[in-house]
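Residues in the sequence shown are numbered from 1 upward in steps of one, following UniProt numbering.
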Amino acid sequence: MTPWPYPEKPWSRIHIDFAGPLKNRYLLIVTDAFSKWIEVVPVTTPSADATIPCLRTMFAAHGLPDVIVSDNGPAFVSASFREFLQRNGIKHVLTPPYHPASNGAAERAVQTIKAKLKKAVGGSFDCQLARVLLNYRSTPHETTGCSPAELMMGRKLKTALTLLRPDMRSTVLTRQLKQKVAHEQHAHRTPLVQPGDSVYARNFRDGPPWFPAMVTATSGDHIADVTLPDGRSWRRHQEHLRHDFSATEVSPPAAAKHQVGTRDVSADDQQTSAMQSHLNAGSEDGSVQHEAPPRDNSALGVPVDPELPKCEPQTPPLRRSSRARRPNVRYSP
């Protein structure tokens, strides 16, 4: 027994054969030697005129193969079929007559499809064939260990069974979201820095633990490039930066004394002193002296500390328990 050499890529060598008749139709079965992918097309007659359009449709989807292996059936040895392969640069390999084992891949595919269609129930023939192909292409093959779809298309086909198993991407995203929410509930939220902000950068070398710096650029949401006063450039994470709020604070002007809803206390004091001087001058000339009314600083907006009554600590009286005490009843035989 000499097996066929294993191809290096998908759809490089394909094996074709006919199955049937099944329900008054023949099945053109094409299998890929690399991925074990199977294509099945129902035809009315196993002729070259029916085979060529089916192969042309497959080639439009998967590309031109390098080699086609078939038996010596009338459809495969006809002049039109030979010309079709020559125009497309496809090598045609014919197996020895009356030796179906030489085209064992195609014979095995025929047996697989016929056995699965025999067990299929419900729906039309085309519906049953579609279900059989979907199940076969998504099931790992015994020889390769992978499904034909994985080797042919590079991905797994989504089936009804896929809905029963959790999607890995959805599971990962859900767990990442839970971790993010749990972290933000307990972690200290640091304000994000922007280019031009004055910050303190963490020093991981000898010297002070923090250095004043200026943010020059940001990379993403958590990385920032800062420049120190001596010209050095550091790259730090947002957690290793602290805002320098002292550089942005603005002290109120000293000349702005008047505020909305308040009075100028110094101006009121000067006016009161001038009135007192005028009254004192009038008393020296013999005029009636009027006693200046006491100043009410509360009207000037100056808080006055009220005299609080002195409270002496009082000792609470002793409370005697009014519970009626009863002696314990003890057992005495």
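Glycine is no exception: its CB is placed at the ideal position from the N, C-alpha and C atoms.
Does the separation of the CB atoms of residue i and residue j fall below 8 Å?
i      : j      : result
Ile113 : Ile16  : no
Leu27  : Ala19  : yes
Ala120 : Ser138 : no
Ile52  : Ser70  : no
Leu117 : Val132 : yes
Asp244 : Ser198 : yes
Lys36  : His141 : yes
Gln194 : Thr218 : yes
Ile223 : His237 : yes
Asn88  : Thr95  : no
Pro42  : Arg25  : yes
Arg242 : Trp210 : yes
Asp221 : Leu177 : no
Thr57  : Ala50  : no
Where DSSP assigns a beta bridge to residue i, which residues make up the other side?
i      : result
Thr227 : Met214 and Ser233
Ile29  : Asp17 and Val40
Ser219 : Ile223
Lys91  : Val67
His243 : Val199
Leu55  : Bridge partners of Leu55: none, in fact.
Leu22  : Arg25
Within a Cβ cutoff of 8 Å, which residues of the same chain sit near residue i, ignoring the five residues on either side of it in sequence?
i           : result
Val260      : With a pLDDT of 40 at Val260, under the threshold of 50, the predicted position of this residue should be treated as unreliable, though the coordinate-derived value follows. Nothing meets the Cβ criterion.
Ser233      : Thr216, Asp225, Val226 and Thr227
Pro74       : Pro46, Ser47 and Ala48
Leu134      : Leu157 and Thr159
Val93       : Val67, Ile68, Val69 and Ser70
Ser147      : Arg137, Ser138, Thr139, Pro140, His141, Lys156 and Leu157
residue 336 : Nothing about residue 336 can be read from this structure; the chain reaches only from 1 to 333.
Lys23       : Phe125
Please classify residue i as buried or exposed, where buried requires at least 16 neighbouring CB atoms within 10 angstroms.
i           : result
Met168      : exposed
Pro65       : buried
Ala201      : buried
Val30       : buried
Arg13       : buried
Ala61       : exposed
Phe204      : exposed
Tyr98       : exposed
residue 342 : For residue 342 there is no data in the structure shown, the boundaries of the chain being 1 and 333.
Ala256      : Low per-residue confidence applies at Ala256: pLDDT is 39, beneath 50, and the placement is therefore not dependable, though the value from the model is reported in the following sentence. Counting Cβ neighbours within 10 Å, Ala256 comes out exposed, since fewer than 16 surround it.
Val329      : exposed
Leu55       : buried
Ala115      : exposed
Ala101      : exposed
Ala213      : buried
Val172      : exposed
Val250      : The predicted position of Val250 is uncertain, since its pLDDT is 42 and thus under 50; no value can be drawn from it.
Val181      : exposed
In chain order, what residues of the same chain have a beta carbon less than 7 Å from the beta carbon of residue i, not counting five sequence neighbours either side?
i      : result
Thr144 : Lys36 and Leu151
Glu83  : none
With a CB to CB cut of under 6 Å and the five nearest residues on each side skipped, what residues in its chain are close to residue i?
i     : result
Tyr6  : none
Phe76 : Ser70
Ser78 : Ala48
Lys91 : Val67
Check whether the stretch 99 to 107 touches the stretch 122 to 132, taking contact to mean three or more Cβ pairs, one atom from each stretch, closer than 8 Å.
no
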